[in-house]
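Quick note on this note's numbering: the sequence shown kicks off at 3 and runs consecutively.
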Amino acid sequence: MFADQVCSGSLSSTLKLINVIQRLGVSYHFDGEIRASLDTINKKNYGWEKDDLFTRALRFRLLRQHATKDDDTYSAFNDIQGMLSVYEASFYALEGEDILDKAQKLHSMPLTIEGQLSSPSDSTVSHYQLRMSGVIEKSENITPRRSANYEASDWGHDFVQSLKSDYAEENYTRRSEKLKENVRLMFADQVCSGSVSSTLKLINVIERLGVSYHFDGEIRASLDTINKKNYGWEKDDLFTRALRFRLLRQHRYEVSQDVFKRFMAEMTNTSSALNDIEGVVSVYETSFYAFEGEDILDEARKLVTGILKEYLLSSAKDQGNTNSITERLVRHALGLPFHWIAPRVEARWYIDTYEMMQDMDPLLLEFAKLDFNILQAKYQDELKHISRWWKELGCIELLSFSRNRIVEMFVWTVWCHFEPGFDISREETTKWGALATLVDDAYDVYGTLEELNMFTDAVERWDVNKIVDLPDYMKVLYLAVYNTTNALAYEVLKKRGLDILSYLKKLWADFCKSYLVEAKWYYSGYTPTFEEYMDNGWISAGCVMPLYAYLLQGNEITKEALERIKNHSCDIVRYSLMIIRLVDDLQTSSHEQERGDTPKAIQCYMHQNGVSQTIAREHIKHMIHDLWKKMNGDEYSRSIFPRQFIDFVENFARSCHCIYQFEDYGGKAGPEMKNRIVSLIEKPIPIKKNSFT
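So this is what it looks like as structure tokens:
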């Protein structure tokens, strides 16, 4: 690229390329080329009078920086970009060069007034050579740009680095291992001597406490036995029957919805159902595991939803006679059912709830608390490492229009796969999410259509030669994406012998192209059909992230699976991303329309069908239910991909439900989301200290 530029490019473009290479901190690789180019430019020593102010000052600065001298080369101009270039060049003055001293004084005050410098004594490039200095084409402010006015994150780098947990200490790990063996023995005793009902209840508690990953083998063996016997359904009470169905369906055993026929008839008696709220809640939770066409489960969900809402109304009127635990379970289920909630969110809530229950097992509770806190200590170390990478990358300082959501993005990835063995996957998916947020903001808010076209082309070609004509802020963004992605591809090649760069490039390009489509809709004032919007929108919802998870979870990687992800032909990924797109739009649509944005799913459906916002919202909620049914029944994807990847894809959608349950998370986390973040990464669950003596 350097050789081509010198041979065929203009003097101005050659100077700009040298400037960019120096500011990006990579000029030490090209000392010879830079010296040769500047020697040629210096020897010719013509064309100064034709240079605009920016080029004249840049030529002077680079020649002076590299030890040539010519101080009488320019007079005052009045363009911001040129004044910035002159101002920076003036700091290369030698003693007695009054013209440069005057130039510095002349241009510093206008730049301060224009907001380009915080004060006339601001540090300049000469003081921070070979680093990006923060002067990212300040003249871009001349271009009219939108602003989302995002609020700063509540969790900055200093906060992250201050995180500390006692639970990283060895005595807690020893206690945890001891408790785990006690729970394992309890499980064995239960399977040998307990009833089907009590075994199912124990599995349910272990799963909801977030410790089932320690007992996968025991849970599978127990459910195998229960499934093979396949008897006793008719003797089960409502709670046990629904729980048996849910656990078997959840773990991919074949089980028919017909087991609910008799209970559907019985539940039509509301007064009778209100006497068995625990059973009604169990049916409600189970109904979300329905496949397409399972009408009995659909009807059950509608019926029990009404019963549970009636229960809450009656309990509000008669607070003295209600069961606080039962009411807590009902409100939680109606807020988000178990099948739609991220496992870490459920675990943190259920630990508190389980502690209130009369039949709580103290050792199991202590183990769950301790396991949660030990993992929290691990997450803190991971987040510190990621935050250092993010700070060193420097994008937030250089791209001031964008959101700094590195902590929130890390929390999302923990919710997607929380187990300790997925630390590398969490790190890389967090990096992708942070960069994707920058890209999102560039396309949605800051970039002009011309800039976005050039950026998309550069990403699609994956060629650094294409960034020369990009504005500086886009050079920063492009190189952050380019270098981080190439580094990941190198690590996978080194450790696993797989060249996955073509897959990463393809999905990054598709991701950016989907954003470009939305930008074109915005600038043309076009409202797409609902189908057009969704065909594009599920790609922009995060098509790259599942590939990262598949590559980094440590499972066997197959060509068929990679091709399906690359070509967007993996159904379960598509269903998950469509859920994310719709859940996102339901919560953020009004805020994004207020700031001026592409029509979202709600507006597209309203426009196409001529209906109210209320009807459009109900349609989208119904679509989300249908997409979950499709995901529940996608056996083909489950035959190709490992269980850990399927769990990640489902948790990707669950995490979105949790993120947008209460507020517009993308703009700023509200109190509920803040509490979830703090409980995951900062505050451990209290445990009696005498447990460790």
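Where a beta carbon is used, it is the ideal one built from N, C-alpha and C, also for glycine.
**Request:** Measure the beta-carbon distance from aspartate 443 to arginine 407 and round it to whole angstroms, keeping in mind my assumption that it falls under 8 Å.
**Result:** Position 441 of the sequence shown, counted from the start, is the residue given in the question as residue 443. Position 405 of the sequence shown, counted from the start, is the residue given in the question as residue 407. 10 Å between Cβ atoms; not a contact.
**Request:** With DSSP collapsed to three states, give me the class of serine 404.
**Result:** Taking the first residue of the sequence shown as 1, we reach residue 404 at position 402. Serine 404 falls in the coil class under three-state DSSP.
**Asked** Closest by CA to arginine 303, which one among Tyr313, Leu314 and Tyr291?
**Response** What you label residue 303 is simply residue 301 of the sequence shown in a count that begins at 1. Closest by alpha carbon: Tyr291.
**Request:** Could you check how far apart the C-beta atoms of leucine 699 and leucine 204 are, in whole angstroms? I think they sit under 8 Å.
**Result:** For the chain, the structure presents residues 3 to 695; residue 699 sits outside this window and is missing.
**Item:** Same chain, Cβ closer than 8 Å to serine 12, neighbours up to 5 away in sequence not counted
**Value:** Residue 12 sits at position 10 when you count from the first residue of the sequence shown. Cβ neighbours of serine 12 beyond the five flanking positions: none.
**Prompt:** For the alpha helix (DSSP H) that aspartate 297 lies in, which residues bound it at each end?
**Reply:** In the sequence shown, residue 297 corresponds to position 295, counting from 1. First-last of the alpha helix (DSSP H) with aspartate 297: 297-319.
**Asked** Considering alanine 543, what are the terminal residues of the alpha helix (DSSP H) in which it resides?
**Response** For the purposes of this step, residue 543 is identified with residue 541 of the sequence shown, where counting begins at 1. Where alanine 543 is concerned, there is no enclosing alpha helix (DSSP H), given that its DSSP letter is neither H nor E.
**Asked** Can you give the Cα-Cα distance for valine 261 and arginine 333, rounded to whole angstroms?
**Response** Numbered from 1 along the sequence shown, position 259 holds the residue referred to as residue 261. Numbered from 1 along the sequence shown, position 331 holds the residue referred to as residue 333. Roughly 26 Å between the two C-alpha positions.
**Every unbroken alpha helix (DSSP H) inside the region 491-574 [4 residues or more]** = Here the runs fully enclosed are 503-526, 532-542, 547-554 and 561-568.
**Request:** Would you decide whether glutamate 637 is buried or exposed? Buried here means 16 or more other CB atoms lie within 10 Å of its CB.
**Result:** Residue mapping note: residue 637 aligns to position 635 of the sequence shown, counting from 1. So glutamate 637 ends up on the exposed side.
**Asked** Using a Cβ-Cβ cut-off of 7 Å (strictly less than) and excluding sequence neighbours within five positions of valine 416, which residues of its own chain qualify?
**Response** Here the question's residue 416 lines up with position 414 in the sequence shown. Contacts found: Arg346, Tyr381, Arg428 and Leu682.
**Request:** For lysine 685, count neighbouring C-beta atoms within 10 Å of its own C-beta (all shown protein chains included) and say buried if the count is 16 or more, exposed if not.
**Result:** Taking the sequence shown and counting its residues from 1, one reaches residue 685 at position 683. Per the 10 Å Cβ criterion, exposed.
**Prompt:** Do valine 413 and isoleucine 679 have their C-beta atoms closer together than 8 Å?
**Reply:** In the sequence shown, counting from the first residue as 1, residue 413 sits at position 411. In the sequence shown, counting from the first residue as 1, residue 679 sits at position 677. When the beta-carbon positions are compared, valine 413 and isoleucine 679 come within less than 8 Å of each other.
**Item:** Other residues of its chain near threonine 529: CB distance less than 6 Å, five sequence neighbours each side excluded
**Value:** Here residue 529 corresponds to residue number 527 of the sequence shown, with the count starting at 1. Here the set comprises Pro601 and His609.
**Prompt:** How big is the Cα-Cα spacing for phenylalanine 340 and proline 644?
**Reply:** The residue given as residue 340 occupies position 338 in the sequence shown. The residue given as residue 644 occupies position 642 in the sequence shown. Those two C-alpha atoms are separated by around 22 Å.
**Item:** Cα-Cα separation, lysine 690 to leucine 372
**Value:** Within the sequence shown, numbered from 1, the residue matching residue 690 stands at position 688. Within the sequence shown, numbered from 1, the residue matching residue 372 stands at position 370. Roughly 11 Å separates the two Cα atoms.
**Prompt:** So, is tyrosine 550 buried or exposed, given that buried needs 16 or more other C-beta atoms within 10 angstroms?
**Reply:** The residue given as residue 550 occupies position 548 in the sequence shown. Under this definition tyrosine 550 is a buried residue.
**Request:** Evaluate the contact criterion for the region 572-590 versus the region 535-542: three or more CB pairs, one atom per stretch, below 8 Å.
**Result:** Contact between the region 572-590 and the region 535-542 is established, with three or more Cβ pairs separated by less than 8 Å.
**Message:** If contacts are defined as beta-carbon pairs under 8 Å, then glutamate 287 and alanine 344 qualify, I think. What distance do you get, rounded to the angstrom?
**Reply:** Sequence index remark: in the sequence shown, residue 287 carries index 285 (1-based). Sequence index remark: in the sequence shown, residue 344 carries index 342 (1-based). The Cβ separation is near 15 Å, so there is no contact.
**Span of the alpha helix (DSSP H) around tryptophan 391** = Taking the sequence shown and counting its residues from 1, one reaches residue 391 at position 389. Segment 364-395, the alpha helix (DSSP H) holding tryptophan 391.
**Request:** Look at the Cβ atom of isoleucine 574, then the Cβ atom of serine 639, and state whether they are nearer than 8 Å.
**Result:** Here residue 574 refers to the residue found at position 572 when the sequence shown is read from its first residue. Here residue 639 refers to the residue found at position 637 when the sequence shown is read from its first residue. Cβ distance < 8 Å, so isoleucine 574 and serine 639 count as in contact.
**Where the alpha helix (DSSP H) through asparagine 184 begins and ends** = Stepping through the sequence shown from its first residue, residue 184 is reached at position 182. Per DSSP, asparagine 184 belongs to the alpha helix (DSSP H) from 172-195.
**Request:** Measure the alpha-carbon distance for glycine 308 versus cysteine 660 and round it to whole angstroms.
**Result:** Position 306 of the sequence shown, counted from the first residue, corresponds to residue 308. Position 658 of the sequence shown, counted from the first residue, corresponds to residue 660. Those two C-alpha atoms are separated by around 23 Å.
**Request:** Look at the Cβ atom of glutamate 294, then the Cβ atom of lysine 561, and state whether they are nearer than 8 Å.
**Result:** Residue mapping note: residue 294 aligns to position 292 of the sequence shown, counting from 1. Residue mapping note: residue 561 aligns to position 559 of the sequence shown, counting from 1. Cβ distance not < 8 Å, so glutamate 294 and lysine 561 don't count as in contact.
**Prompt:** Where isoleucine 697 and lysine 386 are concerned, what is the direct C-alpha to C-alpha distance, given to the nearest angstrom?
**Reply:** No statement about residue 697 is possible, as the shown extent of the chain runs from 3 to 695 and does not include it.
**Message:** On a Cα-Cα basis, can you pick out the residue from Arg37, Asp54, Lys52 and Glu51 that is closest to arginine 66?
**Reply:** For the purposes of this step, residue 66 is taken as residue 64 along the sequence shown, with counting starting at 1. Considering only alpha carbons, the answer is Arg37.
**Item:** Enclosing alpha helix (DSSP H) for methionine 625 [first to last residue]
**Value:** If you number the sequence shown from 1, residue 625 lands on position 623. 615-634 is the extent of the alpha helix (DSSP H) around methionine 625.
**Length at least 4, wholly inside the region 436-487: the alpha helix (DSSP H) runs in chain order** = 451-463
**Asked** Buried or exposed: which applies to asparagine 232, given that a residue is buried once 16 or more other Cβ atoms fall within 10 Å of its Cβ?
**Response** In the sequence shown, residue 232 corresponds to position 230, counting from 1. Asparagine 232 is exposed by the Cβ-count criterion.
**Prompt:** Among Thr590, Lys263, Gly435 and Ser14, which residue has its Cα nearest to the Cα of glutamate 51?
**Reply:** Along the sequence shown, read from residue 1 onward, the residue named residue 51 stands at position 49. Closest by C-alpha distance to glutamate 51, out of Thr590, Lys263, Gly435 and Ser14, is Ser14.
**Message:** Does the region 218-226 come into contact with the region 351-370, if we say contact requires no fewer than three beta-carbon pairs (one atom in each stretch) closer than 8 Å?
**Reply:** no
**Item:** serine 224, buried or exposed, once every other Cβ within 10 Å from all chains shown has been counted against 16
**Value:** Against the sequence shown, residue 224 aligns to sequence position 222. Buried, since its Cβ has 16 or more Cβ neighbours within 10 Å.
**Request:** Work out the CA separation of tyrosine 215 and glutamate 209 for me, nearest whole Å.
**Result:** Position 207 of the sequence shown, counting from 1, holds the residue named residue 209. Position 213 of the sequence shown, counting from 1, holds the residue named residue 215. Taking the straight line joining both Cα atoms gives about 8 Å.
**Message:** I'd like to know whether the C-beta atoms of alanine 370 and leucine 187 end up nearer to each other than 8 Å.
**Reply:** Taking the first residue of the sequence shown as 1, we reach residue 370 at position 368. Taking the first residue of the sequence shown as 1, we reach residue 187 at position 185. Not a contact, by the Cβ cut-off of 8 Å.
**Request:** Within its chain, find whatever has a CB closer than 6 Å to the CB of methionine 456; leave out the 5 residues flanking it on each side and keep chain order.
**Result:** Sequence index remark: in the sequence shown, residue 456 carries index 454 (1-based). The answer, listed in chain order, is Leu472.
**Item:** Cβ-based burial, glutamine 589 [other Cβ within 10 Å; buried from 16]
**Value:** Here residue 589 refers to the residue found at position 587 of the sequence shown. Buried, because 16 or more other Cβ atoms sit within 10 Å of the Cβ of glutamine 589.
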